[in-house]
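**Q** In the numbering used here, the protein residues as written are 0 to 311.
Built from N, CA and C at the ideal position, the CB exists for glycine as well.
1) For residue 209, I'd like the list of residues in its chain whose CB is within less than 6 Å of its CB, leaving aside the five on either flank, ordered along the chain.
2) Once DSSP output is grouped into helix, strand and coil, what is the label at residue 210?
3) Closer than 6 Å by C-beta to residue 134: which residues in its own chain qualify, once you throw out the five before and the five after it? Chain order, please.
4) From the DSSP secondary-structure annotation, give me the bridge partner or partners of residue 291.
5) Quick one: give me the first and last residue of the beta strand (DSSP E) that residue 105 is part of.
6) Would the beta-carbon of residue 236 fall within 9 Å of that of residue 130?
7) Out of curiosity, what's the CA-to-CA distance linking residue 32 and residue 293?
8) So that I know if they touch, is there some Cβ in chain C lying closer than 9 Å to that of residue 8?
9) Can you give me the C-alpha to C-alpha distance between residue 285 and residue 120, rounded to a whole angstrom?
10) Could you please give the first and the last residue of the uninterrupted beta strand (DSSP E) stretch that includes residue 181?
11) Could you pull the start and end residues of the alpha helix (DSSP H) that residue 130 belongs to?
12) May I have the straight-line CA-CA distance separating residue 173 from residue 234, to the nearest angstrom?
13) Go to residue 255, then tell me how far its beta strand (DSSP E) extends in each direction, as first and last residue.
14) What span of residues does the beta strand (DSSP E) with residue 91 cover, start to end?
15) Count Cβ pairs between the stretch 294-304 and the stretch 140-158 that sit closer than 8 Å; are there 3 or more?
16) By the three-class DSSP mapping on this structure, what secondary structure does residue 116 have?
17) Output the boundary residues of the alpha helix (DSSP H) element that contains residue 63.
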């Protein structure tokens with residue numbers, strides 16, 4: 000493993016995560032990952048998608064926890080600052096105390112800017128995660144506009160089946176293939192690949208941690224949640240929890256979605272969506288993905304007008 004180790008933590012070398020979402024399109028408009036859209040909204044550049052950073056943690060967490068990390072691991076983070084293509088990032092993980100099932104994790108740029116912080120843990124009954132704590136402290140929302148038609152407990156309308164094969168284009172939200180991602184991923188493994196995946200402890204190629212986020216999101220339009228458009232969103236918080244992992248390439252999974260919280264700040268309105276992933280063959284729950292997707296109020300042109308109509 001690259002990087003170094005102290006008595007308190009281990010870390011990766013600096014790596015350069017790559018932008019692969021410049022052509023992303025949702026609800027027929029460009030996303031925050033488009034340079035001009037990001038510039039128009041006041042950002043210095045188009046950010047790389049948050050979970051791209053997760054790959055740098057995998058060797059660290061495998062060193063700490065072993066194979067069980069892939070089977071029952073949970074990564075739970077709050078994104079703090081965006082990363083653009085060309086910026087270097089280093090991942091850190093505390094060394095677990097004897098018998099501990101949870102460690103703190105964080106990532107930084109070369110100048111010390113914090114990219115994300117959170118927790119990583121193992122076990123079916125995970126300890127309280129970074130996002131468990133954050134959700135417990137959310138305040139009720141009363142003045143939503145973009146998300147005014149969403150309700151906590153609302154579920155996706157349609158049954159979704161998601162499969163990730165090596166050369167499968169993943170659509171408008173993720174206009175690339177797994178093989179294309181594997182050419183640019185910051186931390187590769189033979190276990191991810193078409194030729195050597197069968198050498199994994201599970202006898203099959205496994206989906207990389209950062210791509211589990213893609214698996215959980217790329218069919219999300221089928222849920223038909225009533226979010227007003229056009230509005231631009233970004234990932235603010237994310238948790239991926241393996242229950243009976245790992246997840247496998249070219250295997251069918253059933254996706255179920257539920258809005259579990261709503262929140263807002265001066266700048267954004269946020270929906271917290273829990274995506275439950277079931278093995279379509281065994282019908283077992285194999286993973287859960289929690290995503291706080293924050294919609295920028297300034298990106299929705301009728302925001303002020305609709306706010307006045309709704310709330311005076």
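**A** Looking at the coordinates:
1) Position 210 of the chain shown holds residue 209. Hits under 6 Å: 50, 51, 53 and 54.
2) In the chain shown, the residue the question calls residue 210 occupies position 211. Helix, per DSSP.
3) Within the chain shown, the letter at position 135 stands for residue 134. Here the set comprises 260.
4) For the purposes of this step, residue 291 is taken as the residue at position 292 of the chain shown. Residue 291 pairs with 236 and 271.
5) Numbered from its first residue, the chain shown carries residue 105 at position 106. Here the beta strand (DSSP E) through residue 105 covers 101-108.
6) What you label residue 236 is simply residue 237 of the chain shown in a count that begins at 1. What you label residue 130 is simply residue 131 of the chain shown in a count that begins at 1. In contact: residue 236 and residue 130 (Cβ atoms closer than 9 Å).
7) Here residue 32 refers to the residue found at position 33 of the chain shown. Here residue 293 refers to the residue found at position 294 of the chain shown. At residue 32, the pLDDT of 47 sits below 50, so the modelled position is not reliable; the number obtained from the coordinates is stated separately. Between residue 32 and residue 293, the C-alpha separation is close to 14 Å.
8) You won't find chain C in this structure, because it holds only one protein chain.
9) To locate residue 285, count along the chain shown from 1; it is residue 286. To locate residue 120, count along the chain shown from 1; it is residue 121. Each residue's CA atom was taken as its position, placing residue 285 and residue 120 some 16 Å apart.
10) Taking the chain shown and counting its residues from 1, one reaches residue 181 at position 182. Where residue 181 is concerned, there is no enclosing beta strand (DSSP E), although the alpha helix (DSSP H) around it starts and stops at 177-181.
11) Indexing the chain shown from 1 puts residue 130 at position 131. Counting along the chain, the unbroken alpha helix (DSSP H) around residue 130 starts and ends at 129-135.
12) Here residue 173 refers to the residue found at position 174 when the chain shown is read from its first residue. Here residue 234 refers to the residue found at position 235 when the chain shown is read from its first residue. Roughly 15 Å separates the two Cα atoms.
13) On the chain shown, position 256 is the one that residue 255 refers to. Element bounds for residue 255: 252-263.
14) Counted from its first residue, the chain shown places residue 91 at position 92. In this chain, the beta strand (DSSP E) harbouring residue 91 covers 88-93.
15) The stretch 294-304 is in contact with the stretch 140-158.
16) Your numbering for residue 116 matches position 117 in the chain shown. If DSSP states are grouped into helix, strand and coil, residue 116 belongs with the strands.
17) Here residue 63 is taken as the residue at index 64 of the chain shown, counted from 1. Here the alpha helix (DSSP H) through residue 63 covers 57-64.
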